[in-house]
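A.B. asks: This is the structure I have questions about; it appears just below.
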Amino acid sequence: MKTIPLLIDGNFANSDANQFINITNPANNELIGKAPCTTELEIDSAVDSAKRAFESWKEVPAPERARVMMNYQMLLKKHHDEIAEILSKETGKTFADAKGDVWRGIEVVEQAANVCSMMMGETAENVARGIDTYSYIQPLGVCLGITPFNFPAMIPLWMFPMAIACGNTFVLKPSEQDPFTPTRLAELFIEAGAPKGVLNVVHGGKEQVNQLLNHQDIKAVSFVGSVPVGQHIYKTATDNMKRAQCFAGAKNHSVIMPDANKAQVLNNLVGSSVGAAGQRCMAISVAVFVGTTQDWIPELVELLKEVKPGLWDDKEAGYGPLISPEAKKRVLTLIQQGKEQGANCLLDGSNFSVAGYEEGNWVGPTLFADVTEDMAIYQQEIFGPVLCCVSVDTLEDAIALVNRNPFGNGTSIFTASGAAARKYQHEIEVGQVGINVPIPVPLPFFSFTGWKNSFYGDLHAYGKQAVRFYTETKTITARWFEDDIPTGPNMTINLR
Numbered sequence: 306m307k308t309i310p311l312l313i314d315g316n317f318a319n320s321d322a323n324q325f326i327n328i329t330n331p332a333n334n335e336l337i338g339k340a341p342c343t344t345e346l347e348i349d350s351a352v353d354s355a356k357r358a359f360e361s362w363k364e365v366p367a368p369e370r371a372r373v374m375m376n377y378q379m380l381l382k383k384h385h386d387e388i389a390e391i392l393s394k395e396t397g398k399t400f401a402d403a404k405g406d407v408w409r410g411i412e413v414v415e416q417a418a419n420v421c422s423m424m425m426g427e428t429a430e431n432v433a434r435g436i437d438t439y440s441y442i443q444p445l446g447v448c449l450g451i452t453p454f455n456f457p458a459m460i461p462l463w464m465f466p467m468a469i470a471c472g473n474t475f476v477l478k479p480s481e482q483d484p485f486t487p488t489r490l491a492e493l494f495i496e497a498g499a500p501k502g503v504l505n506v507v508h509g510g511k512e513q514v515n516q517l518l519n520h521q522d523i524k525a526v527s528f529v530g531s532v533p534v535g536q537h538i539y540k541t542a543t544d545n546m547k548r549a550q551c552f553a554g555a556k557n558h559s560v561i562m563p564d565a566n567k568a569q570v571l572n573n574l575v576g577s578s579v580g581a582a583g584q585r586c587m588a589i590s591v592a593v594f595v596g597t598t599q600d601w602i603p604e605l606v607e608l609l610k611e612v613k614p615g616l617w618d619d620k621e622a623g624y625g626p627l628i629s630p631e632a633k634k635r636v637l638t639l640i641q642q643g644k645e646q647g648a649n650c651l652l653d654g655s656n657f658s659v660a661g662y663e664e665g666n667w668v669g670p671t672l673f674a675d676v677t678e679d680m681a682i683y684q685q686e687i688f689g690p691v692l693c694c695v696s697v698d699t700l701e702d703a704i705a706l707v708n709r710n711p712f713g714n715g716t717s718i719f720t721a722s723g724a725a726a727r728k729y730q731h732e733i734e735v736g737q738v739g740i741n742v743p744i745p746v747p748l749p750f751f752s753f754t755g756w757k758n759s760f761y762g763d764l765h766a767y768g769k770q771a772v773r774f775y776t777e778t779k780t781i782t783a784r785w786f787e788d789d790i791p792t793g794p795n796m797t798i799n800l801r
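For the sequence shown, the positions run 306 to 801 when the working numbering is used.
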């Protein structure tokens, strides 16, 4: 068992905390470590360190900051499998899924290494006689990231590399449920050449988060997690005059048209619904069968029956356990509610377990048919390996169903019709749309763009929007006088 250290001012050290949060192995709930509830003094020290480091880091030329990111991505690639194994053991993810988690984070670091071109301003000559206007992109200061348990590599790497590449400094508060992976990411960042204080890492729960949100020296907050926490963080941050981007809940629909390729549809539904035990904010949790495609549901059940949860190093395992007993209890409660409210449970994974690991947080693949909008399993984000099937008559009905949902994180349509696909992508009120792609998570040169109750804020994660989120624009209007240019008073707002 290991106590997770803090990273403050370039040094890893144990906290002086007298309260700790247990870290358990989701496969059997055995204790594997403890995360400190960072003290108030230590949090202040972390923010003060970041504030001091900002004064020199913001003056480092953008190409030099980019080289730190280039070094970092090389180290991440070198240690890719090592990080994935750490991640698997603390989250329960299969090794293949963990490697995907790490790799999608590396892609963002590669984009951060391209920061020079994204920090370019604009210029216009002779906007008035002898007057030029140009703009610079400049960093904000100390930024904060609060990350969830489900992607302990990818989501921290969404945040601090982009913020730091833009010239800011950063305080990271990773999930207390799986902090080993973010700690290893921080170690490699220091090895890549980051100066002390540029990245600081603290741990804890609600009390520590609230102290950070109320700290006057933090200028911007990025959060990924649940709806109620996201709402609280967004309100608290903005009430304290901070920028905030808060990625919250989801209820992602996949619409299946009659002309779609059946084998491709069914295989994609299986992977996108129960992969990672359904603990993805972009998981497909509702399949909307249009017209006769509802006849495909029995075959979908048979495919789901073949998926078996298992240990992280079991190459036959489709996915691992849920993160905690509390998460399992919530999923089982929603499954039971689905049965009680009249949904047809065609496959029930409530009683699944793995031999020798019966104390783990296991839930088998579960599928409901005849789900309606008033049911809890439709209204709530289950965050487990549960797929709800809804049947509608037309594409118009499917679009109306998805648009009525309060979430707008992601959606997809499977069809062979370009006209149907274009109609869907144009009319759907969701931020990220896949066409014959089940989980449309954009690559890092675009941005992650959830809508409606899936996102609170104005500017999204990674890509160009992240650069705008982590920077301010300074616009300069300049004139250099010559002897023959009149300099008498100008009593109007017009330039001349």
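Ideal placement from N, C-alpha and C gives every residue a C-beta, glycine not left out. Remember, predicted model here, so these are calculated numbers, not experimental data.
Between Pro484 and Gln324, what straight-line distance do the alpha-carbon atoms span, to the nearest angstrom?
C.D. replies: What you label residue 484 is simply residue 179 of the sequence shown in a count that begins at 1. What you label residue 324 is simply residue 19 of the sequence shown in a count that begins at 1. Going from the Cα of Pro484 to the Cα of Gln324 covers about 16 angstroms.
A.B. asks: I need the straight-line Cα distance from Gly689 to Val365, nearest angstrom please.
C.D. replies: Counted from its first residue, the sequence shown places residue 689 at position 384. Counted from its first residue, the sequence shown places residue 365 at position 60. In this structure, the alpha-carbon of Gly689 lies about 45 angstroms from that of Val365.
A.B. asks: For Leu764, tell me which candidate among Asp618, Arg548, Leu346 and Pro794 has the shortest Cα-Cα distance.
C.D. replies: Indexing the sequence shown from 1 puts residue 764 at position 459. Nearest C-alpha to Leu764: Arg548.
A.B. asks: Just grab the DSSP bridge partners of His558 for me.
C.D. replies: Position 253 of the sequence shown, counted from the first residue, corresponds to residue 558. Beta-bridge pairing links His558 to Val591 and Thr716.
A.B. asks: What first and last residue would you give for the alpha helix (DSSP H) that runs through Gly373?
C.D. replies: Sequence index remark: in the sequence shown, residue 373 carries index 68 (1-based). One point to set straight first is that residue 373 is Val, not Gly, in the sequence displayed. Per DSSP, Val373 belongs to the alpha helix (DSSP H) from Ala367 to Lys383.
A.B. asks: Where does Gln513 sit, in a helix, a strand or coil, going by DSSP?
C.D. replies: Numbered from its first residue, the sequence shown carries residue 513 at position 208. Correct three-state label for Gln513: helix.
A.B. asks: Going by Cα to Cα distance, which pick from Lys383, Thr308 and Gln521 is closest to Thr343?
C.D. replies: Translated into the one-based positions of the sequence shown, residue 343 becomes position 38. It is Thr308.
A.B. asks: Indicate whether the contact test is met: 3 or more Cβ pairs, each with one atom in the region 570 to 580 and one in the region 774 to 781, closer than 8 angstroms.
C.D. replies: With a cut-off of 8 angstroms, the region 774 to 781 and the region 570 to 580 do not count as touching, because too few Cβ pairs lie within range.
A.B. asks: Quick one: Cα of Leu420 to Cα of Ala367, how far?
C.D. replies: Looking up residue 420 in the sequence shown gives position 115. Looking up residue 367 in the sequence shown gives position 62. The question names Leu, yet the displayed sequence has Val at residue 420. Each residue's Cα considered, the two are about 7 angstroms apart.
A.B. asks: Taking Ala318 as the reference, give the member of Ala568, Val676 and Val506 with the closest Cα.
C.D. replies: By 1-based counting over the sequence shown, the position of residue 318 is 13. The option with the nearest alpha carbon to Ala318 is Val506.
A.B. asks: Answer with buried or exposed for Phe454, where buried requires no fewer than 16 other C-beta atoms within 10 angstroms of its C-beta.
C.D. replies: Taking the first residue of the sequence shown as 1, we reach residue 454 at position 149. By the neighbour-count definition (other C-beta atoms within 10 Å, threshold 16), Phe454 is a buried residue.
A.B. asks: What is the rounded straight-line gap between the Cα of Thr699 and the Cα of Ile682?
C.D. replies: Here residue 699 refers to the residue found at position 394 when the sequence shown is read from its first residue. Here residue 682 refers to the residue found at position 377 when the sequence shown is read from its first residue. Cα to Cα, Thr699 sits roughly 23 angstroms from Ile682.
A.B. asks: Check for me: the alpha helix (DSSP H) holding Ser527 runs from which residue to which?
C.D. replies: On the sequence shown, position 222 is the one that residue 527 refers to. Not the alpha helix (DSSP H): Ser527 falls in the beta strand (DSSP E), residues Ile523 to Val529.
A.B. asks: Flag this pair as yes or no: are the beta carbons of Leu518 and Thr541 separated by less than 7 angstroms?
C.D. replies: Within the sequence shown, the letter at position 213 stands for residue 518. Within the sequence shown, the letter at position 236 stands for residue 541. Yes, these two residues count as a Cβ contact at 7 angstroms.
A.B. asks: Please state the DSSP three-state secondary structure of Leu800.
C.D. replies: As a first step, residue 800 is located in the sequence shown; it is residue number 495 there, counting from the start. Coil.
A.B. asks: Ser527: buried (16+ other C-beta within 10 angstroms of its C-beta) or exposed?
C.D. replies: If you number the sequence shown from 1, residue 527 lands on position 222. The residue is buried, with at least 16 neighbouring Cβ atoms inside 10 Å.
A.B. asks: Starting from Val432, follow the beta strand (DSSP E) in both directions and report where the run begins and ends.
C.D. replies: Indexing the sequence shown from 1 puts residue 432 at position 127. Counting along the chain, the beta strand (DSSP E) containing Val432 begins and ends at Thr428 to Ala433.
A.B. asks: Could you say which of Asp353, Asn316 and Leu616 lies nearest to Glu664 if we only look at CA atoms?
C.D. replies: In the sequence shown, residue 664 corresponds to position 359, counting from 1. Checked all of Asp353, Asn316 and Leu616; the closest Cα to Glu664 is Leu616.
A.B. asks: Could you check what DSSP says for Glu777 in three-state terms: helix, strand or coil?
C.D. replies: Residue numbering aside, residue 777 sits at position 472 when the sequence shown is read from its first letter. If DSSP states are grouped into helix, strand and coil, Glu777 belongs with the strands.
A.B. asks: Residues in its own chain within less than 6 angstroms of Asn741 by CB, not counting five upstream and five downstream?
C.D. replies: Working through the sequence shown from its first residue, we reach residue 741 at position 436. Counting only Cβ-Cβ distances below 6 angstroms, and skipping sequence neighbours, we find Phe719.
A.B. asks: Grab the span of the beta strand (DSSP E) containing Val738 for me, first residue to last.
C.D. replies: For the purposes of this step, residue 738 is identified with residue 433 of the sequence shown, where counting begins at 1. Looking at the DSSP string, the run of the beta strand (DSSP E) that includes Val738 is Gln737 to Ile740.
A.B. asks: Can you name, in chain order, every residue of its own chain whose Cβ lies under 8 angstroms from the Cβ of Glu347, other than the five neighbours on each side?
C.D. replies: The residue labelled residue 347 in the question sits at position 42 within the sequence shown. Leu311, Ile313, Ser320, Asp321, Ala322 and Val507, listed in sequence order.
A.B. asks: Are Phe475 and Asp406 close, meaning C-beta to C-beta below 7 angstroms?
C.D. replies: For the purposes of this step, residue 475 is taken as residue 170 along the sequence shown, with counting starting at 1. For the purposes of this step, residue 406 is taken as residue 101 along the sequence shown, with counting starting at 1. In this structure, Asp406 does not lie closer than 7 angstroms to Phe475 by Cβ.
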